[in-house]
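Heads up, the sequence shown is in the working numbering, so the first residue is 391 and it goes up one at a time. Scroll down for the structure; my scribbles are underneath it.
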Amino acid sequence: MKYDYLIVGSGLFGSIFAYEAKRRGKKVLVIDKRNHIAGNIYTKNIEGINVHMYGAHIFHTSNKEIWDYINKFAEFNNYVNSPIAIYKDELYNLPFNMNTFSKLWNIKTPDEAKRKIKEQISKLNIKDPQNLEEQALSLVGKDVYIKLIKGYTEKQWGRDCRKLPAFIIKRLPLRFTYDNNYFNDRYQGIPIGGYTQIIEKMLAGIEVKINCESKEFIKNNFDIASKIIYTGSIDEYFNYKLGVLEYRMIKFEHEKIDINNYQGNAVVNYTEKEIPYTRIIEHKHFEYGTQPVTIISKEYSSEWGVGKERYYPINIDRNNIFYSEYKKLSDKEENIIFGGRLGEYKYYDMDEVIDEALKCVNKEFKNECKDFGCYT
Ligand code: UDP
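Spelled out as structure tokens, the structure:
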């Protein structure tokens, strides 16, 4: 065997594993089907602006160990995500907080906001929320749901809110302070200079093949490595033999505009159904850019099909059941580990991927903790 590990996919999971394996003296080969490394956190410098080519990635975590880990590979700025939502020309702050409520109802105090929400919730009589619509309505009431959730969510997922799992909406904070920070996490920021450098540093000194389809490669080189770390979609590995796991994909319309400030904020969500895109990202604001031009990306969420890029796993029952069957199959395979958003079919944030990758490293190299440290 030429390598100890063949790593399929150079995103965060695969690259962390590669980096940690190399540190421990293992021989590693990383392959990626795209013409670049870094998976969906790939950023490209265009006109001095780091463009998030596969959608906005804002790093946030409450785990100090993960924060310290990622900071070894880049310096992070103090960016705080505070998206704006536009609904039929009305402008609101996100996440749902006192700024949102005062604009919606012309009120001032947390008490007034709570009363208003309670009044709306009590009319609905939802005991045990079974889906995203019921969950949202029972958390924030009808006005917020109609103006800021329903249209956006149905565009984003291409499904009625009653057919979507409740957990998706629990990602968003609800608070009764005038605080527009989208996340509740202790640590947050954007790597100064973009995300690609993080992966470049992780993969420094490691052999990497891009434009390399794993199926073909593994078929022709079945004995190249003792073990495979597979971060592609688990159903594809098994030739979809139990069925296809569904995803949502995003089509981006990137545009350079000859003005220095287009929308005054990195993230502006369009929450009504009639506008076909979900949000517009203005990348320079992630790094407080002062370039004379700007680059914006409109995000159009669309149905995914085999062969297209995967973005969001759709964790509805049908897909979760298929996934658990694939998981059983994968547990029977001795020399392969599945990881990451696609390998584990989970709507992971970046910090969760790092957590999973470091746990996987711990498990794989349990005897070497003494010399190389161990993730706790
Ligand atoms: N969401 C919403 N209105 C918004 C933004 C988000 O209803 O203006 C809901 C929507 O269902 C979305 C979920 O919250 O899928 C999670 O949003 P988040 O911004 O965390 O998604 P991501 O950044 O991963 O696309």
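The C-beta atom is built at its ideal place from N, Cα and C for all residues, glycine as well.
Tell me which residues share the same chain as residue i and place their Cβ nearer than 8 Å to its Cβ, disregarding the 5 neighbours each side in the sequence.
i	result
Ile497	Phe491, Ala503, Lys506
Phe762	Glu410, Arg413, Arg414, Phe755
Asn471	Ile448, His450, Asn571, Tyr572, Phe573, Gln578, Ala656, Val657
Glu758	Arg414
Gln587	Phe463, Ala464, Pro581
Asn487	Pro563, Leu564, Arg565, Phe566, Thr567, Tyr568, Asp569, Asn570
Val751	Ile406, Phe407, Glu410, Ala411, Tyr765
Work out the CA separation of residue j and residue i for me, nearest whole Å.
i	j	result
Glu544	Lys663	8 Å
Trp457	Thr451	7 Å
Ile726	Phe449	29 Å
Gly695	Met639	9 Å
Ile582	Tyr678	10 Å
Glu754	Thr621	16 Å
Asn440	Met391	39 Å
His644	Ser687	4 Å
Asn650	Glu672	10 Å
Ile406	Tyr568	38 Å
Tyr585	Lys591	10 Å
Ile589	Leu748	15 Å
Asn489	Ile474	11 Å
Glu455	Tyr765	8 Å
Tyr442	Asn467	Residue identity differs from the one stated: residue 442 is His in this sequence, not Tyr. The straight-line gap from Cα to Cα measures roughly 16 Å.
Cys460	Gly733	The displayed chain sequence assigns Ile, not Cys, to residue 460. Roughly 21 Å separates the two Cα atoms.
Glu724	Tyr716	14 Å
Glu636	Ile704	6 Å
Lys631	Lys718	13 Å
Lys537	Gln681	34 Å
Gly654	Asp479	16 Å
Ile431	Tyr738	13 Å
What span of residues does the beta strand (DSSP E) with residue i cover, start to end?
i	result
Tyr637	637–647
Lys599	597–599
Gln681	From DSSP, Gln681 is part of no beta strand (DSSP E); its letter is neither H nor E.
Asn435	433–436
Glu677	No beta strand (DSSP E) contains Glu677, which DSSP labels as neither H nor E.
Lys760	Here Lys760 belongs to no beta strand (DSSP E); instead the alpha helix (DSSP H) covers 759–762.
Glu590	Where Glu590 is concerned, there is no enclosing beta strand (DSSP E), although the alpha helix (DSSP H) it sits in stretches over 586–592.
Lys617	615–620
Val418	418–421
Tyr482	480–483
Terminal residues of the continuous alpha helix (DSSP H) containing residue i?
i	result
Gly733	730–733
Tyr409	402–413
Gln546	541–547
Glu455	454–460
Leu494	488–495
Ser604	604–610
Ile624	624–627
Ile476	Ile476 -> not in any alpha helix (DSSP H); beta strand (DSSP E) instead, spanning 474–477.
Leu529	522–534
Ile559	It is not in any alpha helix (DSSP H) - Ile559 carries neither H nor E in the DSSP assignment.
Around the C-beta of residue i, are 16 or more other C-beta atoms found within 10 angstroms, so that it is buried, or is it exposed?
i	result
Cys551	buried
Leu527	buried
Thr684	buried
Pro666	exposed
Thr499	exposed
Ile711	exposed
Arg700	buried
Ser604	buried
Gly531	buried
Thr776	Examination of residue 776 is not possible in this model, given that the chain is present from 391 through 766 alone.
Phe386	Here the chain comprises residues numbered 391 to 766, so residue 386 is not present and cannot be evaluated.
Gly438	exposed
Ile600	exposed
Gly404	buried
Glu523	buried
Tell me which residues share the same chain as residue i and place their Cβ nearer than 6 Å to its Cβ, disregarding the 5 neighbours each side in the sequence.
i	result
Phe728	Tyr620, Ile624, Ser720
Ile539	Ala526
Looking at the structure shown, is residue i part of a helix, part of a strand, or coil, going by DSSP?
i	result
Thr668	coil
Asn515	coil
Ser720	helix
Lys392	coil
Ala446	coil
Ser692	strand
Gly579	strand
Val743	helix
Asn659	strand
Ala428	coil
Tyr713	helix
Val470	coil
Only counting the same chain, and skipping five residues up and downstream in sequence, which positions put a Cβ closer than 7 Å to that of residue i?
i	result
Arg576	Ser452
Thr668	Tyr542, Lys545, Gln546, Asn659, Tyr660, Glu689, Ser691
Ser400	Val420, Asp422, Ile427, Ala428, Gly429, Ile589, Leu593, Val598
Asn435	Gly584
What residues does the ligand HEM have around it, judged by CB closer than 6 Å to any heavy atom, in chain order?
-> Within the structure as shown, the ligand HEM is missing, the only ligands being the ligand UDP.
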